[in-house]
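Student: All the letters of the sequence shown, read from the start, carry residue numbers 290 to 408 under the working numbering.
Glycine included, C-beta positions come from ideal geometry on N, C-alpha and C.
On a predicted model such as this, the values are computed, not experimentally measured, just so you know.
Sharing a structure with you now.
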Amino acid sequence: MIIYKFGGASVGNAEGVKNLVEILSRFQEAGIVVLSAFGKTTNHLERLTACLFSQDLPGFSFSLGQIRDYHFHLLEDLFPGDHPVYDVAESIFAELEEIFQVYRYILHRSLSFMFPISV
């Protein structure tokens, strides 16, 4: 079995993703395909996490918007506008937003418990 791993700049745009499909179509042997973060997504996720821990809600929303916009632009270059992949991506980003909202709430509650503010 072969494991194929792609990520970063090699899948940073639509041409890179199309190239990945071309590469994989040349192989007949069964394998596993591993895709890590596309383009600079890891950098954006690091910023997103930093905003979460510093409770920078505007920065968090901006960073999440950058990640979402990047992925939707990539999808627009790969699929027609009515393709079901858009609903899947929208659902993933909505779920991601929910997870981060819950996490931010838990973090805030934990910090206020550890460091109560007195007036």
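Taking only three categories from DSSP, how would you classify LYS294?
Tutor: Looking at LYS294 - three-state DSSP - the assignment turns out to be strand.
Student: For PHE382, does the three-state DSSP call read helix, strand or coil?
Tutor: Reduced to three states, the DSSP call for PHE382 is helix.
Student: With distances taken Cα to Cα, identify the nearest neighbour of ILE356 among LYS294, THR338, LEU367 and ILE291.
Tutor: Of LYS294, THR338, LEU367 and ILE291, the residue nearest in Cα terms is THR338.
Student: On a CA-only basis, which of ILE292, GLN390 and ASN302 is nearest PRO347? Give me that one, please.
Tutor: The shortest C-alpha separation from PRO347 is found at GLN390.
Student: At 3 residues or longer, what runs of the beta strand (DSSP E) sit wholly inside the region 307-384?
Tutor: You should have 320-327.
Student: Who are the Cβ neighbours of GLY301 in its own chain at under 8 Å, not counting the five residues just before and after it?
Tutor: These residues qualify, in order along the chain: PHE327, GLY328 and LYS329.
Student: Compute the Euclidean distance between the alpha carbons of GLN317 and MET290, then round it to the nearest angstrom.
Tutor: Roughly 11 Å separates the two Cα atoms.
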